[in-house]
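Take a look at the structure below.
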Amino acid sequence: MPFDDFQKHCKKCKKGKPCGQFHVYVMTVDPRLKKGKRGKKVRFRKVNPDTYENGEALYVGKCECAPRCRQSKHRNYYSKKENEWSCYCGKYDSTNSYQQYRDAPTSIHNFLKGEYGYLQPKHFRKLNPFKTSKQAEDAEEELAIDLRKNGFAVWAGHHDDKIVEKFA
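See below:
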């Protein structure tokens, strides 16, 4: 599958040839993550206390390959079995086996399926790429803070505890 404008996520990546640097990305999340009384849902509401129940929910992450590849991993993940995901940037074989992951079945992956889990390049395209993982993590954290300040409900994984302190 050739790159198109939607997949072009940084200035240095070329068609079929990733730049080898780190990237941040933003994906839509199923808003049902904001409702419920268990696990990740409670935590999501705790770190997003000021967002509207019907507002847009986003996931912020970082990756070594193209965000489109990471999106494929998220959307094709099933906790109970191995499955395949597609690498569009050429960093890995075109079809890869996705081993069982560290997250429990209630992980964020369940909220990135169906009509959700699509990249939102308008939020991250100008930020990429980053030379080190630390730079990308810092940018991921700052992006999550900015999105929250703009009224989005944001899931930022392991950054959420630090972000809540900074945002308060």
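Just so you know, our numbering puts 82 at position 88 of the sequence shown, and the rest follows in order with no gaps. Yeah, the Cβ is synthetic: ideal placement off N, Cα and C, and Gly gets one too.
Which residues bound the beta strand (DSSP E) around K56? 51 to 57
So, for T22: in the same chain, excluding its five sequence neighbours on each side, which residues have a beta-carbon less than 6 angstroms away from its beta-carbon? Y110, Y112
Rounded separation between A133 and N122 - CA only: 9 angstroms
Can you list, in chain order, the residues of its chain whose CB lies under 7 angstroms from that of C165, leaving out five sequence neighbours each side? With the chain represented from -5 up to 162, any question about residue 165 goes unanswered, as that position is not in the structure.
Spell out the partners DSSP gives H17 in its beta bridges. C57
Going by C-alpha to C-alpha distance, which of K67, R142, K11 sits closest to D44? R142
Collapsed DSSP secondary structure at K125 in the structure displayed: coil
List the DSSP bridge partners of A150. A150 is not bridged to any residue.
DSSP three-state label for Y95, please. Note that Y95 scores 46 on pLDDT, short of 50, meaning its location in the model is unreliable and no value can be drawn from it.
Relative to the C-alpha of C63, which residue among F38, K11, R39 is closest? K11
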